[in-house]
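Per my numbering, residue 68 is the first one in the sequence shown, and the count goes up by one each step.
Every residue, glycine too, gets a C-beta built ideally from N, C-alpha and C.
Computed from a predicted model, the values in this text were never measured in an experiment.
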Amino acid sequence: MKNEIIKIAIEEIENPTFETTRQYLEVHSVEMENGMPKVERVDLESFDDVKTVYFAIQNEPFFLTVNFRKKNNELCGVGTENGNRVYLTSTSENLTFNQLSEITKFNDVFGWSINEERKIGKGKYKFSRLTFEPIKSRAYDLETKLNLLLTELEKDVEGILNLTKKADSIISIHYQQYVSGNSGIHLNIETINRLNNLNLGIDIDQYIYGNYLK
Numbered sequence: 068m069k070n071e072i073i074k075i076a077i078e079e080i081e082n083p084t085f086e087t088t089r090q091y092l093e094v095h096s097v098e099m100e101n102g103m104p105k106v107e108r109v110d111l112e113s114f115d116d117v118k119t120v121y122f123a124i125q126n127e128p129f130f131l132t133v134n135f136r137k138k139n140n141e142l143c144g145v146g147t148e149n150g151n152r153v154y155l156t157s158t159s160e161n162l163t164f165n166q167l168s169e170i171t172k173f174n175d176v177f178g179w180s181i182n183e184e185r186k187i188g189k190g191k192y193k194f195s196r197l198t199f200e201p202i203k204s205r206a207y208d209l210e211t212k213l214n215l216l217l218t219e220l221e222k223d224v225e226g227i228l229n230l231t232k233k234a235d236s237i238i239s240i241h242y243q244q245y246v247s248g249n250s251g252i253h254l255n256i257e258t259i260n261r262l263n264n265l266n267l268g269i270d271i272d273q274y275i276y277g278n279y280l281k
């Protein structure tokens, strides 16, 4: 099933049948990998009755998406999906990075300590920072990726609650939207309750990329 829709999606990129595909490809180029359009991700559990194949776009953080009906794998549309970075970030002027990382059970964290030399630029950091970003791919809609992160954080609720007490902690979102897109931000009550149970707020930075359709 997955290979079948990937094949059809690639055919649509190489030989468009939808006018929207032609319009997007007129102003953007899909990344190539081994001579083929690069598939970033396949979502078999997308919205409602739709499956989605994500294609990476050259020099852009958002994605070209080819959509199929779940029932019969019928090609039903082409569009774009924002690129989304969603991660936990904690900062402190008192604790070091190692001290922050010891508060939770998570190992896949990165950051720096106060007074360390800056990795970019000159001078020293004025605060420590810890970042936890278990899902690196940006090829997810915002709500899905946020809920996947919350599922990871809920594996150590006690640790996250302690972290929010000892450091400034928040969910950071980089919302990388296509300039001709019209995608809003929606959080349902369940997601809001999950955030509340972890004592976490959200900070959203919105960026606009890409070229207008002709």
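Is there contact between the stretch 157 to 170 and the stretch 126 to 138, where contact requires at least three CB pairs shorter than 8 angstroms? With the cut-off at 8 angstroms, the stretch 157 to 170 and the stretch 126 to 138 do not touch.
Helix, strand or coil, according to DSSP, for Tyr-91 in the structure here? In this structure, Tyr-91 counts as helix in the three-state DSSP scheme.
Give me whichever residues DSSP pairs with Val-246 in a beta bridge. Answer by DSSP bridge pairing: none, since Val-246 is not bridged.
Can you give me the Cβ contacts of Glu-160 inside the same chain, cut-off strictly under 8 angstroms, excluding the 5 residues immediately before and after it? Excluding residues within five positions, the ones whose Cβ falls inside 8 angstroms are Ile-181, Lys-193, Phe-194, Ser-195.
Give me the Cα-Cα distance between Ile-72 and Asp-208, rounded to the nearest whole angstrom. Taking the straight line joining both Cα atoms gives about 19 angstroms.
Where Phe-122 falls: helix, strand or coil (DSSP): Of the three classes helix, strand and coil, the one that applies to Phe-122 here is strand, per DSSP.
Check the C-beta distance from Thr-88 over to Thr-156 and give it rounded, since I have them as a contact under 8 angstroms. Not really, about 37 angstroms apart at Cβ, beyond 8 angstroms.
Out of Arg-136, Asn-126, Lys-138, Glu-221, state which residue places its alpha-carbon closest to the alpha-carbon of Gly-277. In this structure, Asn-126 is the residue among Arg-136, Asn-126, Lys-138, Glu-221 with its C-alpha nearest to the C-alpha of Gly-277.
Can you check which of these residues, Pro-83, Asn-260, Arg-205, Thr-158, is closest to Ile-45 by C-alpha distance? In this structure the chain extends from 68 to 281, so residue 45 is not present and cannot be described.
Which same chain residues, not among the five before or five after Glu-79, have their C-beta less than 8 angstroms away from its C-beta? Excluding sequence positions up to five before and after Glu-79, its CB lies within less than 8 angstroms of the CB of Phe-85, Thr-88, Val-133, Leu-142, Val-145, all in the same chain and listed in chain order.
Could you check the C-alpha separation between Ser-184 and Leu-216 for me, to the nearest Å? The amino acid occupying residue 184 in the given sequence is Glu; Ser does not appear at that position. Put simply, the backbone Cα of Glu-184 is about 30 angstroms away from that of Leu-216.
Should Asn-149 and Gln-90 be called a contact, given that it needs their Cβ atoms to be closer than 8 angstroms? Contact: no.
Terminal residues of the continuous alpha helix (DSSP H) containing Leu-265? DSSP places Leu-265 in no alpha helix (DSSP H); its state is neither H nor E.
Candidates Leu-262, Leu-267, Thr-211, Arg-205: closest to Glu-112 by CA position: Measuring from the Cα of Glu-112, the nearest candidate turns out to be Thr-211.
Quick check on the DSSP output: the alpha helix (DSSP H) that includes Ser-157 runs from which residue to which? Element bounds for Ser-157: not the alpha helix (DSSP H) but the beta strand (DSSP E), 150 to 159.
Flag this pair as yes or no: are the beta carbons of Leu-213 and Thr-147 separated by less than 8 angstroms? Contact flag unset, no.
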